[in-house]
Structure formats: structure tokens, C-alpha cells
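Colleague: My structure is below; once you've seen it, I'll send some questions.
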Amino acid sequence: MLDINLAISDKYPAIQCFLCHYAREELGCNIIADFSLSEMDKRDSAARQRIDAIITDLSYCNDDRQLYGVAKIRAIQRALPEAKVVLYVEYDNLSILKKAISYGADAIVSKYDPVSEIKKALNEIFSRPHHRVYLSAFINAIVESETEKSVRLTAKEWEIIRLYSMGLSLSSIAKKQNRAVSTVATQKYNAMKKLNVNTNSELIQYACMNNII
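Letter by letter, the sequence shown follows residues 1 to 213 in the UniProt record's numbering.
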């Protein structure tokens, strides 16, 4: 049993509900049910010290704030400097994973892993004597086996990625650059292939993690 105070923040309500139930009933954790990153900024130090760890994905949104990627990790570290950070992610892009590691995540678990990896991650980060990021079986396989290709995007490809990640449509980008939509679409596709990202949401995560936007 893990006698810790645990906060959980996931963009999918069903996943958040499941994790709360699993951590409470299976692991014995005390769940901070009213956790809110924006509210945590306003709380006193005693309230912050109640949280030993947080399980979170890399996006956060409410009426006042939207945080993605590195910005969310930094916000958590500012609000909860003593808390362990367990990232629970749904993507397998090596660049994003390396960035998350470099910004101080204590553990990274994939949503494709068995849920038991959450327990392993928490046990590891609260029992180890020295700081070393815990990588789940799925994440560790990616980091060990995948060789990241040299990213050599053209200036136009970088600009398309930047504008698209800021919310512009391909037609808007084409109009802004006075180019054909098909040309912009092709360059976006080529850029995604070079970056080894497979979906638009993963592309936006990459842009956020690498401070492109």
C-alpha cells in the first residue's frame, strides 16, 4: 500500500475517474479530489505540502488557463516544488519523451502500458535513493530501440508547423503565404514525416514541447 497524497490531472474525465479509483482502492493512496492547477497557485504552503505526487498528462485547460507540454511541467514545479511528477501519456514520439525527461519528470508511463505500471512508477520514485527517471516498459522500449533521425526541416516547413500549431488552417496558411493549399499540405506532411509524428495532436505537442509556439 502507498500511504501518499496523490493528485490526478488528465484531460479525459473517464481516465481521471479510473485513475482516482485505481489509486484509492488498489494502491491505498489518499486522493486530492479537489486538485486544480490554477487554484494551487493561490493556496498556502501547507495546502501545497499535502500533495506528494501528481499523475498528469501534458495538457491542461479550464476557463482561465490553457497549458501544454513544457509549460504544464513548469507550472506544476512552481506550484508543487516538492511533489513527484508522473507523466501519463498517449504518444510515442521520441523527441517529446526526451524533452519531458529533460524538464524533470520523475516517471513516464504510457496509456498503452498495463495499469500496473502506475504502481511500479510510484513505488520506484518513492523508494529510490537517487534521482533517476522511471520509464515504463512501453516508454523504455521506445527510448532504447528508436534512433531519432536528424531533423532537417526547411525554413518553410518550420513556418508551416509553427502556424498550424498556433491554430491556423492549411487554407489560412496558404492564403497568408500566397501559395497553393496542396503545396502547404505536402510540406506539412513532409515535415511530420521528418519529425516522426503521426497525428495532428502529436504535432502540436511537439511544437509546444520544443517552444516552437
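Don't be surprised by glycine CBs; every beta carbon is placed ideally from N, CA and C.
Bear in mind that the values here come from a model prediction, so they are computed numbers and not experimental data.
Which residues in the same chain have their Cβ closer than 6 Å to the Cβ of A107, if we skip the five residues on either side of it in sequence?
Modeller: Taking the sequence shown and counting its residues from 1, one reaches residue 107 at position 107. Result list for A107: V86, A121, I125 and Y134, in chain order.
Colleague: For a quick check, are the C-beta atoms of A180 and L153 less than 8 Å apart?
Modeller: Along the sequence shown, one-based indexing puts residue 180 at 180. Along the sequence shown, one-based indexing puts residue 153 at 153. No; because the gap between Cβ atoms is not below 8 Å, this pair is not in contact.
Colleague: May I have the straight-line CA-CA distance separating N62 from I8, to the nearest angstrom?
Modeller: As a working mapping, residue 62 is identified with position 62 in the sequence shown. As a working mapping, residue 8 is identified with position 8 in the sequence shown. Per-residue confidence for N62 stands at a pLDDT of 49, beneath the threshold of 50, marking its modelled position as unreliable; the derived number appears in the next sentence. Cα to Cα, N62 sits roughly 15 Å from I8.
Colleague: Terminal residues of the continuous alpha helix (DSSP H) containing H9?
Modeller: The sequence position of residue 9 within the sequence shown is 9, counting from 1. What sits at residue 9 in the sequence shown is Ser, not His. Here S9 belongs to no alpha helix (DSSP H); instead the beta strand (DSSP E) covers N5 to S9.
Colleague: If we count the other Cβ atoms within 10 Å of its Cβ and call it buried at 16 or more, is A14 buried or exposed?
Modeller: Within the sequence shown, the letter at position 14 stands for residue 14. Per the 10 Å Cβ criterion, exposed.
Colleague: Specify whether the segment 188-205 and the segment 91-111 touch according to this definition: at least 3 beta carbon pairs, one from each stretch, less than 8 Å apart.
Modeller: Verdict: yes, contact present.
Colleague: Just checking my contact of I118 with R162 at CB under 8 Å: how many whole Å lie between their CB atoms?
Modeller: Sequence index remark: in the sequence shown, residue 118 carries index 118 (1-based). Sequence index remark: in the sequence shown, residue 162 carries index 162 (1-based). Between R162 and I118 the Cβ distance is about 35 Å, and since that is not below 8 Å, they are no contact.
Colleague: Suppose the cutoff is 8 Å on Cβ atoms and the five residues either side in sequence are ignored; what does the same chain contact list for I54 look like?
Modeller: Within the sequence shown, residue 54 is the residue found at index 54, counting from 1. Around I54: L6, A7, I8, S9, F35, I76, L80, A83, K84, V85 and V86.
Colleague: Throw me the rounded Cβ distance for the I32 and I51 pair, which I believe falls under 8 Å.
Modeller: Taking the sequence shown and counting its residues from 1, one reaches residue 32 at position 32. Taking the sequence shown and counting its residues from 1, one reaches residue 51 at position 51. Confirmed, about 6 Å.
Colleague: Taking the alpha carbon of K111 as the reference point, which residue from G104, S127, V89 and I101 has its own alpha carbon closest?
Modeller: The sequence position of residue 111 within the sequence shown is 111, counting from 1. Of the listed residues, the one whose Cα sits closest to K111 is V89.
Colleague: Can you tell me which of the three DSSP states I204 falls into?
Modeller: Within the sequence shown, numbered from 1, the residue matching residue 204 stands at position 204. Residue state, collapsed to three classes: helix.
Colleague: Using only alpha-carbon positions, find the residue among K156, I173, Y22 and Y12 that is nearest to M1.
Modeller: Counting from one through the sequence shown, the residue named residue 1 turns up at place 1. Nearest of K156, I173, Y22 and Y12 to M1, Cα basis: Y22.
Colleague: I'd like to know whether the C-beta atoms of L170 and A185 end up nearer to each other than 8 Å.
Modeller: If you number the sequence shown from 1, residue 170 lands on position 170. If you number the sequence shown from 1, residue 185 lands on position 185. Yes. Within cutoff.
Colleague: Which residue from K175, K188, S136 and I139 puts its Cα closest to that of E159?
Modeller: The residue you call residue 159 lines up with position 159 of the sequence shown. Looking at the Cα atoms, K188 is the closest of the given residues.
Colleague: Would you kindly report the start and end of the unbroken beta strand (DSSP E) that includes T56?
Modeller: Counting from 1 along the sequence shown, the entry for residue 56 is found at position 56. Segment A53 to T56, the beta strand (DSSP E) holding T56.
Colleague: Got a sec? Which residues, its chain only, sit under 7 Å from Y206 by beta carbon, not counting five neighbours each side?
Modeller: Against the sequence shown, residue 206 aligns to sequence position 206. Contacts found: N93, S95, I96, L195 and V197.
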